[in-house]
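Residues 0 to 341 in numbering that gives the first Met the number 0 are what the sequence shown spells out, letter by letter.
Notes follow once the structure below has been shown.
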Amino acid sequence: MTLLDVPLSLPEVMDGGAGVIRRLVPRLIGLAPVRASLTRGPLATAIVDRFVAGQTDADAVTVVAGLADLGLRATVDLLGEQVTRSEDAVATVEAYRRLLDLADRAGCACGLDVSVKLSAIGQAVPHDGRKLSYENAAEIAAGAAAVNATVTLDMEDHTTTDATLDTVVELRRDFPSVGAVLQAQLRRTEADCRDLAREGSRVRLCKGAYREPAAVVCQGRGAVSAAYARCLGILVAGPGYPMIATHDPALISVASGLIEQVGRASDSYEFQLLHGVRQAEQRRLAARGATVRVYVPYGPDSLPYLTRRLVERPANLLLAARAMGERRAGATGSARSMRWSA
Numbered sequence: 000m001t002l003l004d005v006p007l008s009l010p011e012v013m014d015g016g017a018g019v020i021r022r023l024v025p026r027l028i029g030l031a032p033v034r035a036s037l038t039r040g041p042l043a044t045a046i047v048d049r050f051v052a053g054q055t056d057a058d059a060v061t062v063v064a065g066l067a068d069l070g071l072r073a074t075v076d077l078l079g080e081q082v083t084r085s086e087d088a089v090a091t092v093e094a095y096r097r098l099l100d101l102a103d104r105a106g107c108a109c110g111l112d113v114s115v116k117l118s119a120i121g122q123a124v125p126h127d128g129r130k131l132s133y134e135n136a137a138e139i140a141a142g143a144a145a146v147n148a149t150v151t152l153d154m155e156d157h158t159t160t161d162a163t164l165d166t167v168v169e170l171r172r173d174f175p176s177v178g179a180v181l182q183a184q185l186r187r188t189e190a191d192c193r194d195l196a197r198e199g200s201r202v203r204l205c206k207g208a209y210r211e212p213a214a215v216v217c218q219g220r221g222a223v224s225a226a227y228a229r230c231l232g233i234l235v236a237g238p239g240y241p242m243i244a245t246h247d248p249a250l251i252s253v254a255s256g257l258i259e260q261v262g263r264a265s266d267s268y269e270f271q272l273l274h275g276v277r278q279a280e281q282r283r284l285a286a287r288g289a290t291v292r293v294y295v296p297y298g299p300d301s302l303p304y305l306t307r308r309l310v311e312r313p314a315n316l317l318l319a320a321r322a323m324g325e326r327r328a329g330a331t332g333s334a335r336s337m338r339w340s341a
C-alpha cells in the first residue's frame with residue numbers, strides 16, 4: 000500500500016496532506032509487521048517509554064509522585080477498552096481500586112484524578128452493558144471519593160457520546176465531581192459545552208483523536224482548532240471548571256487570553272497535557288500559577304492508545320525512532336538529547 004492507494008478529500012488536500020497521513024497510519028498499524036514493531040522490539044520500547052508510564056499500578060504511582068514533586072497533578076488511565084466480558088470489566092474496576100489504594104498509601108491520592116473509559120468497564124458487554132458500566136463507574140467513583148480523588152469519564156467514538164454523557168449525569172447525583180470529556184472535532188460539541196457549562200461541572204475539552212465519519216466532524220485541522228476556540232469561549236465564560244486539554248501553543252494562548260479576560264481564579268480551571276509530551280510547557284504553565292494535570296496512561300494494553308497518538312501526530316513515530324537510535328548511541332556515550340513537540 001502506498002499514499003496513492005488512499006483517496007484524498009478536498010479538506011485533506013487543503014490541510015496540506017496531513018489528513019491523508021492520519022488516515023494512512025491506522026491502516027499501516029493494522030498490518031502484522033507494523034503491529035509487531037509497535038508491540039515488541041526497540042522501536043516499541045522507545046514509543047512506550049515515551050508515552051506510557053509503565054505496565055503496573057506501582058509504575059503509575061511512581062510517575063504520579065514524581066509529577067507531584069514538580070508541582071504537577073495527574074489523571075491516571077488504565078489502558079484497555081472494548082471489553083466484552085463482564086469478568087474483564089470487573090477486573091478493570093479492581094485494578095482501579097488497587098491503584099487508588101496504592102496512591103493513598105503513597106500519599107499522593109488527594110487531588111488525583113482517574114480517567115475511565117466506559118467500554119473498559121462493561122459498556123460493550125452484550126445485553127446489560129449500559130447498566131454494568133454505570134455500576135462499575137459508580138464503584139470506582141466511590142473508591143476515589145474515599146481517598147479525596149476524582150473520576151473523569153473519557154469520551155470514545157461518536158456512537159457512544161450520548162450514552163457517556165447520560166452516565167455522567169447519573170453519576171453526578173451521588174458524585175458531583177465526576178468529570179465529562181468533550182471532543183471539539185465533533186460538530187455537536189458546542190451545544191454540549193453549553194449544556195455542561197454549569198456550576199461545579201468539570202469538563203475536559205480535547206480536540207479528539209478518533210477516526211469519525213465526515214458527516215459528524217469538522218473537516219481539517221484549521222476547522223477543528225477554530226471549533227476548539229469557540230468551545231473554550233463557552234466553557235471559560237461559564238460557571239463550571241474547564242479542563243483545557245491541548246498541546247497546541249496557539250490554543251493555549253487563546254485559553255490564557257480568555258481566562259485573563261473573564262478574570263478566572265487560578266483554582267477555577269486547569270490545563271491538561273499528555274505524559275511524555277511538552278514537559279517544558281507543563282512546567283512553564285505551572286510556574287505561571289496555573290493548575291496543570293498530566294494524563295498518565297499505564298498498563299500492557301497500549302496499542303490502541305499509541306495508535307491514536309500517532310494518528311494525532313504521525314511525526315511522533317519518527318521521533319520515537321530517533322529516540323531508539325539515540326538510546327543505542329548512548330550505549331557508546333554519544334547519545335544526544337531529544338526534543339519532543341506537540
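Glycine included, each C-beta is placed from N, C-alpha and C at the ideal position.
Check	Outcome
Coil, strand or helix - C217 by DSSP	coil
Three or more C-beta pairs below 8 Å linking the stretch 165-179 and the stretch 137-147	yes
Residues that DSSP places opposite T151 in a beta bridge	S114 and G178
Beta-carbon proximity of K206 to D153, cut-off 7 Å	no
Residue from V223, V235 and D165 with nearest C-alpha to G199	V235
Which of helix, strand or coil DSSP assigns to D191	helix
Separation of Y240 from A264, as counted between CA atoms	11 Å
Per-residue burial, P296 [other beta carbons within 10 Å of its own, 16 or more giving buried]	buried
Through-space distance from D191 to A52, alpha-carbon basis	31 Å
Exposure of D112, with buried meaning 16 or more beta-carbon neighbours within 10 Å	buried
DSSP-derived helix/strand/coil call for T74	strand
T331, buried or exposed, once every other Cβ within 10 Å from all chains shown has been counted against 16	Per-residue confidence for T331 stands at a pLDDT of 43, beneath the threshold of 50, marking its modelled position as unreliable; the derived number appears in the next sentence. Exposed: under 16 other Cβ atoms inside 10 Å.
Bridge partners - A404, DSSP secondary structure assignment	The shown model of the chain, from 0 to 341, leaves out residue 404, and the question about it has no answer.
Run of the beta strand (DSSP E) containing R344, from where it starts to where it stops	The shown model of the chain, from 0 to 341, leaves out residue 344, and the question about it has no answer.
Residue(s) in a DSSP beta bridge with Y304	Y304 is not bridged to any residue.
Residues of its chain near A226, where Cβ-Cβ distance is below 6 Å and the 5 sequence neighbours each way are ignored	A183 and C217
Near the ligand GDP: Q271 beta-carbon under 6 Å from a heavy atom	The ligand GDP is not among the ligands present in this structure, which contains no ligands whatsoever.
Spatial distance of A88 from V82 (CA atoms)	6 Å
For L185, the residue or residues it bridges with in DSSP	V216
For V276, three-class secondary structure by DSSP	coil
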